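Trainee: Below is one structure. I have some questions about it.
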Amino acid sequence: MVKKPQSLKVRIGNHVEVGANTCIDRGSWRDTVIGDHTKIDNLVQIGHNVEIGKNCLLCGQVGIAGSVTIGDYVTFGGRVSIRDHVCIASKVRLAANSCVTKNINEAGDYGGFPAVPIHEWRKQVASVRQISEEFQHHKKMKSASDLPNPRA
1 MVKKPQSLKV RIGNHVEVGA NTCIDRGSWR DTVIGDHTKI DNLVQIGHNV EIGKNCLLCG
61 QVGIAGSVTI GDYVTFGGRV SIRDHVCIAS KVRLAANSCV TKNINEAGDY GGFPAVPIHE
121 WRKQVASVRQ ISEEFQHHKK MKSASDLPNP RA
């Protein structure tokens, strides 16, 4: 295995805020760039060669793998994770605990794992909740039918 040196720069724009214990990795084939007026909360990991646009907001514990490109005015809720080599369009908002596994090409709200448009994610959550309630009801009815009949 040959180690690739991370010898390029991290370029941080004007009026950028970087929270405590945030790591921003240097680039290996392009500079890692943080755009103007971007706010980065505590405990954020920004990988090698990442480009973040202007006026972005990254909440706590966000993880961005290497070579990701993020547009302008993007917001990541807490604990969002982004897979490597993904592009995210401008004006995208990601709900907390979401995971982006492929490019997001249109502005809008997204959530879930993998991240999908927010209305689809809400339907998925509602379906899982309904299936769980039906299963619990079925389980309760089954256990009630297994009880001995006192009239028999």
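Taking the UniProt record's numbering, the leading residue of the sequence shown gets 1, the next gets one more, and so forth. We put the CB at the ideal spot given by N, CA and C, even for glycine. Computed from a predicted structure; not experimentally measured.
#1: Pull up the distance between the alpha-carbon of S28 and that of N103, whole angstroms please.
#2: Our contact map puts I40 next to L58 with C-beta atoms below 8 Å; I'd like the distance itself, whole angstroms only.
#3: Please list the terminal residues of the continuous beta strand (DSSP E) segment that includes G60.
#4: Is the Cβ-Cβ distance between V62 and V44 less than 8 Å?
#5: When you compare only the Cα positions, how much space is there between H37 and N105?
#6: When you compare only the Cα positions, how much space is there between V68 and Q6?
#7: Got a sec, what are the start and stop residues for the beta strand (DSSP E) T32 sits in?
#8: Determine, using beta carbons only, whether H48 and G71 come nearer to each other than 8 Å.
#9: Quick one: what does DSSP say E120 is sitting in, helix, strand or coil?
#10: Per DSSP, what are the beta-bridge partners of T101 in this structure?
#11: Pull up the distance between the alpha-carbon of V100 and that of N14, whole angstroms please.
#12: Taking DSSP's pairing of strands, which residues face I24 in a bridge?
#13: Report yes if the CB atom of A95 is closer than 8 Å to the CB atom of A107, and no otherwise.
Mentor: Looking at the atomic coordinates:
#1: Taking the first residue of the sequence shown as position 1, residue 28 is located at position 28. Taking the first residue of the sequence shown as position 1, residue 103 is located at position 103. So the two alpha carbons sit approximately 22 Å from each other.
#2: Counting from 1 along the sequence shown, the entry for residue 40 is found at position 40. Counting from 1 along the sequence shown, the entry for residue 58 is found at position 58. Indeed they touch by this definition, with Cβ atoms about 5 Å apart.
#3: Within the sequence shown, residue 60 is the residue found at index 60, counting from 1. From DSSP, G60 is part of no beta strand (DSSP E); its letter is neither H nor E.
#4: The sequence position of residue 62 within the sequence shown is 62, counting from 1. The sequence position of residue 44 within the sequence shown is 44, counting from 1. Yes, the pair counts as a contact, with Cβ atoms nearer than the cut-off.
#5: Position 37 of the sequence shown holds residue 37. Position 105 of the sequence shown holds residue 105. Computed Cα separation, rounded: 23 Å.
#6: Start at 1 with the first residue of the sequence shown, and residue 68 comes out as number 68. Start at 1 with the first residue of the sequence shown, and residue 6 comes out as number 6. The alpha-carbon atoms of V68 and Q6 are separated by roughly 16 Å.
#7: In the sequence shown, residue 32 corresponds to position 32, counting from 1. From DSSP, the beta strand (DSSP E) with T32 extends over T32 to I34.
#8: Stepping through the sequence shown from its first residue, residue 48 is reached at position 48. Stepping through the sequence shown from its first residue, residue 71 is reached at position 71. Against a cut-off of 8 Å, the Cβ pair of G71 and H48 comes out as no contact.
#9: Against the sequence shown, residue 120 aligns to sequence position 120. Helix, per DSSP.
#10: Position 101 of the sequence shown holds residue 101. Paired residue(s): none; T101 is not in a bridge.
#11: Numbered from its first residue, the sequence shown carries residue 100 at position 100. Numbered from its first residue, the sequence shown carries residue 14 at position 14. About 27 Å.
#12: Sequence index remark: in the sequence shown, residue 24 carries index 24 (1-based). According to DSSP, which records beta bridges pairwise, I24 is partnered with I46.
#13: Numbered from 1 along the sequence shown, position 95 holds the residue referred to as residue 95. Numbered from 1 along the sequence shown, position 107 holds the residue referred to as residue 107. In this structure, A107 does not lie closer than 8 Å to A95 by Cβ.
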